[in-house]
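Chemist: Counting from 1, one number per residue, gives the positions in the sequence shown under my numbering.
Virtual Cβ for every residue (Gly too), placed ideally from N, Cα, C.
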Amino acid sequence: MKTLVYLFVVTIIATSMADNFHQKMQEYSQQCKSETGISNEALSQILRPSDDPKRKEHIFCILKKAGFMNDDGDLLVDAIVAEYTQGGSNPEGIEKVTKKCAVKKESPPETATHFIECVHRPRPKRYVLFRNVAPEE
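1. My assumption, with CB atoms under 8 angstroms, is that Cys-61 sits in contact with Cys-101. Please give the rounded CB distance.
2. Check whether the Cβ atoms of Phe-115 and Leu-75 sit closer than 8 angstroms, and answer yes or no.
3. Alpha carbon to alpha carbon, how far is Gln-23 from Ser-16? Give it in angstroms, no decimals.
4. CA-CA distance, Glu-57 and Pro-49?
5. Would you say Asp-78 and Pro-108 are within 8 angstroms of each other, going by their C-beta atoms?
6. Apart from the five residues on each side of it in sequence, which residues of its chain come closer than 6 angstroms, Cβ to Cβ, to Ile-59?
Set out below in structure tokens:
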């Protein structure tokens, strides 16, 4: 019975942490929208591959605000893994995908975009970074 109560409490805490994180991501996206000038239409399709420079700048902006990239365009793998393994998520899987996708490209926005597109490729279990960043309609 104690174990069941413990699991219930851990689940509630993990859900609360996830909701809080995704709320912060939404806030970062809105702040970045002002900075990058991305359209609502482009924002609603943020996870679809595109060469739109505003999309790339927007993704870079969000990752910087989240503490997942620095101004030089370096992905902060430890910060990404730490955030996504809170609440007992699969740390080995998250670390593996994060390291595989953390490839430095010719510019910070290109690096950010490559990372997000790599992370969001179909997998048996997806690790979604940008859930709910599109504006509500």
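Modeler: So, from the data block:
1. So it is not a contact: roughly 18 angstroms between Cβ atoms.
2. yes
3. Legend: pLDDT at Ser-16 = 41, less than 50; position of this residue unreliable, value from coordinates given subsequently. The straight-line gap from Cα to Cα measures roughly 10 angstroms.
4. 14 angstroms
5. no
6. Ala-112, Thr-113 and Ile-116
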